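Note that UniProt numbering has the sequence shown beginning at 1, numbered continuously upward.
Ideal Cβ positions, reconstructed from N, Cα and C, are used throughout, including at glycine.
Just so you know, these numbers come straight off a predicted model, no measurement behind them.
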Amino acid sequence: MIKFEHISKSFNGKVVLDDISSHFDPGKINLVIGTSGTGKSVLLKCIVGLIRPSYGNITFDDRDMVGRSRDTIINIKREIGMLFQGGALFDSKTVEQNVMFPLNMLTNMPKNEKLDRVNFYLKRVGLSNSNKKYPNELSGGMQKRVGIARAMVNSPKYLFCDEPNSGLDPKTSLLIDELIQELTYEYDITTVVVTHNLDSIFTLGDYIIFLDQGKKAWEGTSKELFHSDVETLNSFLFASKMMRMIKSYL
């Protein structure tokens with residue numbers, strides 16, 4: 001379980017996160033949702049240790065991420081897989097080299113074992129014959145799948161995805177969601193997804209946190225979304241005519 005308590009973060013005096021507490025359970029897909037600029041990605045980066053919170057505590061299975069020693073934090077980070085919003089692939093490296101990168105950084109694994117693991121996860125995401133290709137030879141959806149393979153190659157306990165559907169067409173977006181879902185349940189990972197994609201929100205999330213202006217305005221299961229009385233959440237979810245029509249039939 002990932003638990004965070006009273007997380008606050010300010011930049012140059014501007015409060016971006018304001019006293020946010022919750023938890024993410026293992027074997028489930030936990031969503032952080034909200035409109036642009038509400039602090040979703042900042043919260044994710046605080047949790048994974050890319051940004052230090054101004055205040056608050058974060059634990060990974062009772063291990064303190066904020067106040068503990070450097071060695072403890074490094075050990076936790078070895079258990080984290082990260083899918084960045086833009087893919088964050090190295091343009092000058094092949095697919096194989098991109099996926100192998102975390103293994104080179106975090107392990108002393110022999111080269112042949114690294115290659116076996118890279119090949120395993122490339123096959124798992126449907127890219128078996130793409131080892132020697134470069135990112136600019138791949139479609140946006142294929143680049144996201146390479147990013148997922150790289151996030152998974154170190155067999156993480158925790159998987160973080162920042163806007164995994166960004167820039168993708170609806171069909172490809174659905175395929176990425178299904179892949180994240182399969183990997184979460186298959187490997188019993190604690191998965192956290194930052195998104196504002198409505199399809200993902202209604203089909204992917206086991207547990208959901210809604211941020212509004214840097215504060216936690218609502219949390220609950222996907223089934224509870226339709227019954228929320230939080231006005232800002234309803235405005236976010238049912239802004240489109242189609243979603244309002246769907247709600248009217250419930």
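Check	Outcome
Restricting to Cα atoms, I'd like to know which of 237, 195, 238 and 218 is closest to residue 42.	195
Cα separation between residue 163 and residue 4?	21 Å
Determine the extent of the alpha helix (DSSP H) in which residue 189 is found, giving its start and end residues.	Note, residue 189: premise wrong, no alpha helix (DSSP H); not H, not E.
By DSSP, does residue 24 sit in helix, in strand, or in coil?	strand
Given a threshold of 16 other Cβ atoms within 10 Å of its Cβ, counted over all protein chains shown, does residue 151 qualify as buried or as exposed?	buried
Based on the DSSP output, what are the partners of residue 109 in its beta bridges?	BP columns for residue 109 are empty, so no partner.
Kindly confirm or deny that the region 91-99 and the region 173-181 touch, where touching means at least three C-beta pairs closer than 8 Å.	no
If contacts are defined as beta-carbon pairs under 8 Å, then residue 219 and residue 208 qualify, I think. What distance do you get, rounded to the angstrom?	7 Å
Which complete alpha helix (DSSP H) runs does the region 60-124 hold, if anything under 4 residues is left out?	70-78, 95-106 and 111-124
Take every Cβ of the region 211-227, pair it with every Cβ of the region 31-50, and state whether three or more of those distances are shorter than 8 Å.	yes
Let me know the secondary structure DSSP gives residue 203 once reduced to three states.	helix
Using only the alpha-carbon positions, how far apart do residue 10 and residue 20 sit?	13 Å
Roughly how many whole angstroms lie between the Cα atoms of residue 121 and residue 229?	42 Å
Taking its Cβ as the centre, do 16 or more other Cβ atoms sit within 10 Å of residue 127, making it buried, or is it exposed?	buried
So, with DSSP's three-state summary, where would you put residue 6?	strand
With DSSP as the reference, label residue 160 as helix, strand or coil.	strand
Could you compute how far the alpha carbon of residue 148 sits from the alpha carbon of residue 136?	17 Å
Tell me which residues share the same chain as residue 206 and place their Cβ nearer than 6 Å to its Cβ, disregarding the 5 neighbours each side in the sequence.	28 and 29
Determine the extent of the alpha helix (DSSP H) in which residue 47 is found, giving its start and end residues.	40-48
So what does residue 14 bridge to, in DSSP terms?	11
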